[in-house]
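Quick note: the sequence shown uses our numbering, first residue 441, plus one each step.
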Amino acid sequence: LDPDQDVYVCNILKCRPPGNRRPTPEESETCIPYLHEQLAGVDPKVIVALGNTAVASLIGGGTTLGITKLRGEW
């Protein structure tokens, strides 16, 4: 993959929470509409979620499973 052409990196949150703590669900929900706009513009074939915050936000936070249990699942 060519990082300049084939990869787009973005974050769930658009700013760091105080103390760089894990964001609350409300903070993640506030930023999700902007993330959806970014993804619509990029139209990715694959999304790779890096970390529990990304996974929980992208799948709606309706799971209590961590990223280790979800790894490899489509």
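Don't be surprised by glycine CBs; every beta carbon is placed ideally from N, CA and C.
By the criterion of at least three beta-carbon pairs nearer than 8 Å, the segment 450–467 is not in contact with the segment 504–511. Within the same chain, Cβ atoms closer than 7 Å to the Cβ of S497 are found at I452, S468, I472, the five residues on either side in sequence being excluded.
Rounded to the nearest whole angstrom, the CA to CA distance from R456 to N492 is 15 Å.
A Cβ-Cβ separation of about 6 Å places V495 in contact with L510 under the 8 Å criterion.
Per the C-alpha coordinates, the member of G512, L490, P484, V488 positioned closest to Q445 is P484.
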